[in-house]
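For the sequence shown, my numbering begins at 263 and goes up steadily by one. First comes the structure, then the notes that go with it.
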Amino acid sequence: MKKNEKFFKYFKEYQWSDIFAMIRNNRSDPRICYDDFKNKLVVISGATSGIGYHTARKYASHGANLLCINRNIEKSEALCREIESEFDVKCDFKIADLSVLKDINRVAEELASLNTPIDVLIHNAGIYLTKRELTVDGLEKVFVVHHLSSFIINHHLQEKLKSQEKARIIMVSSEGHRFAAWGLRLDDLNWGKRRYSGLKSYGSAKLAQLLSMTVFVEHFKNTGVTINSMHPGAVKTETGQENGPVYRWFKRNFFDKSLKSPEISAEALYYLGVSKEIDSVSGKFFNLTTEEIPAPPALDKKVAYELWEKNLEFAGLKK
Ligand SMILES: NC(=O)c1ccc[n+]([C@@H]2O[C@H](COP(=O)([O-])OP(=O)(O)OC[C@H]3O[C@@H](n4cnc5c(N)ncnc54)[C@H](OP(=O)(O)O)[C@@H]3O)[C@@H](O)[C@H]2O)c1
């Protein structure tokens, strides 16, 4: 489909009521789940900072054991020491740079061969880059960390999770998927043909993740495995630290001032992982814990299937 055809296709689908709902939801607090999660296993990526850190602590405070997928060994050791000394749980970690295909595939295989069930899998690791960076595999970094890594891990884990007959996958998405307002450029997922922008690349990566969810939800239908995405609120974290001093100065002195505590994100991620109220809910986008309709490009099944094929190619999983 040509670019301007796509523009009109999605333009007709945008609803003011969805935008107002998003604005309303941005002001809401998350629902709280008080249930325990003793002796369950939660796998979470990017637990060394921000939302992931608070979420790991939240699950541990309710008795869950943790397996964190992080890129930094010292931070991971410190995290697990802290959690095990405060809570009566096990905290373990695997080191993987989720921008590197070799690491992603290795960690995905290791997770698939665990002989304990994974009760909740949270894809949280993320970055925000103002300048385009390519990974060692020659892929655009934001796309890989946010989207391709979660795709590959989910793909490898499909049989294991189905065999458990119960598991929840949660992808930490963002309202930022709306920055990719006119959809995904499947012919330029690597951002080689157009001007790169931090907001647009971030939006595209989150949009890609949402599109993949719409296919995974079919793969997991009637298996007891659910997959959902969520916006964790606009919260104060370490995001964007890889960028230059000007960006960091603005973040510290302007953006951060209006942001909430990542504890609300952790509260929401606990609810989405544990609450019985959403036991069989799958394929949905939540703003914290409120179900919301994502932007029209995120519901485009045709693009979702085309992206699926590209994902398999990028990941080297094409038969
Ligand atoms: N903050 C917000 O307002 C907001 C809003 C919407 C969505 N989100 C989403 O929330 C998620 C968490 O972000 P955050 O705000 O908590 O940011 P953060 O404080 O920067 O945390 C990001 C986490 O991801 C890890 N990470 C980054 N690149 C990685 C890689 N290549 N391999 C493995 N781990 C990697 C980081 O590890 P290190 O500790 O080693 O750096 C850190 O643990 C992201 O997906 C983000 O897009 C955040």
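Backbone N, C-alpha and C fix where the C-beta goes; we use that ideal spot for every residue, glycine too.
_Tell me which residues share the same chain as residue 616 and place their Cβ nearer than 7 Å to its Cβ, disregarding the 5 neighbours each side in the sequence._
In this structure the chain extends from 263 to 581, so residue 616 is not present and cannot be described.
_Less than 7 Å separating the Cβ of residue 379 from some heavy atom of ligand 1?_
Here residue 379 is taken as the residue at index 117 of the sequence shown, counted from 1. Checking the Cβ of residue 379 against ligand 1 gives no.
_In whole angstroms, give me the CA-to-CA distance for residue 551 and residue 484._
To locate residue 551, count along the sequence shown from 1; it is residue 289. To locate residue 484, count along the sequence shown from 1; it is residue 222. In this structure, the CA atom of residue 551 is about 23 Å from the CA atom of residue 484.
_residue 360 beta carbon near ligand 1 (any heavy atom closer than 7 Å)_ = Numbered from its first residue, the sequence shown carries residue 360 at position 98. Correct: residue 360 has its Cβ closer than 7 Å to ligand 1.
*What's the call for residue 471, buried or exposed, on a 16-neighbour Cβ count within 10 Å?*
In the sequence shown, the residue the question calls residue 471 occupies position 209. Buried: at least 16 other Cβ atoms inside 10 Å.
_Looking at ligand 1, does it come within less than 7 Å of residue 494, judged from the CB to the closest heavy atom?_
Looking up residue 494 in the sequence shown gives position 232. Indeed, a heavy atom of ligand 1 lies less than 7 Å from the Cβ.
*Please confirm if the region 480-496 is in contact with the region 431-440, defined as three or more CB-CB distances below 8 Å between the two stretches.*
The region 480-496 is in contact with the region 431-440.
*Is the closest heavy atom of ligand 1 to the C-beta of residue 389 under 7 Å?*
As a working note, residue 389 is residue 127 in the sequence shown. Under cutoff, so the answer is yes.
*When every heavy atom of ligand 1 is checked, does at least one fall within less than 7 Å of the C-beta of residue 334?*
Position 72 of the sequence shown, counted from the first residue, corresponds to residue 334. For residue 334, the shortest C-beta to heavy atom distance toward ligand 1 is below 7 Å.
*Using three-state DSSP, classify residue 425 as helix, strand or coil.*
Residue 425 sits at position 163 when you count from the first residue of the sequence shown. The answer is helix: DSSP assigns residue 425 an H, G or I state.
_Coarse secondary structure for residue 299, derived from DSSP in three states_ = As a working mapping, residue 299 is identified with position 37 in the sequence shown. Looking at residue 299 - three-state DSSP - the assignment turns out to be coil, as it is neither helix nor strand.
_For a quick check, are the C-beta atoms of residue 325 and residue 299 less than 8 Å apart?_
Taking the first residue of the sequence shown as 1, we reach residue 325 at position 63. Taking the first residue of the sequence shown as 1, we reach residue 299 at position 37. Yes, the pair counts as a contact, with Cβ atoms nearer than the cut-off.
*In chain order, which continuous runs of the beta strand (DSSP E) of length 3 or greater are located wholly inside the region 494-549?*
Taking only runs of at least 3 residues, the beta strand (DSSP E) segments lying wholly in the region 494-549 are 547-549.
*Cβ-based neighbour list, residue 420, same chain, cut-off 7 Å, excluding 5 preceding and 5 following*: Position 158 of the sequence shown, counted from the start, is the residue given in the question as residue 420. Within the same chain, residue 420 has close Cβ partners 481.
*Should the region 380-394 be called in touch with the region 290-310, which here means at least 3 C-beta pairs below 8 Å?*
Touching, per the Cβ criterion.
*Straight-line CA distance for residue 526 to residue 494?*
Here residue 526 is taken as the residue at index 264 of the sequence shown, counted from 1. Here residue 494 is taken as the residue at index 232 of the sequence shown, counted from 1. Roughly 8 Å between the two C-alpha positions.
*Would you check if the distance between the CB atom of residue 565 and the CB atom of residue 451 is smaller than 8 Å?*
Stepping through the sequence shown from its first residue, residue 565 is reached at position 303. Stepping through the sequence shown from its first residue, residue 451 is reached at position 189. Not a contact, by the Cβ cut-off of 8 Å.
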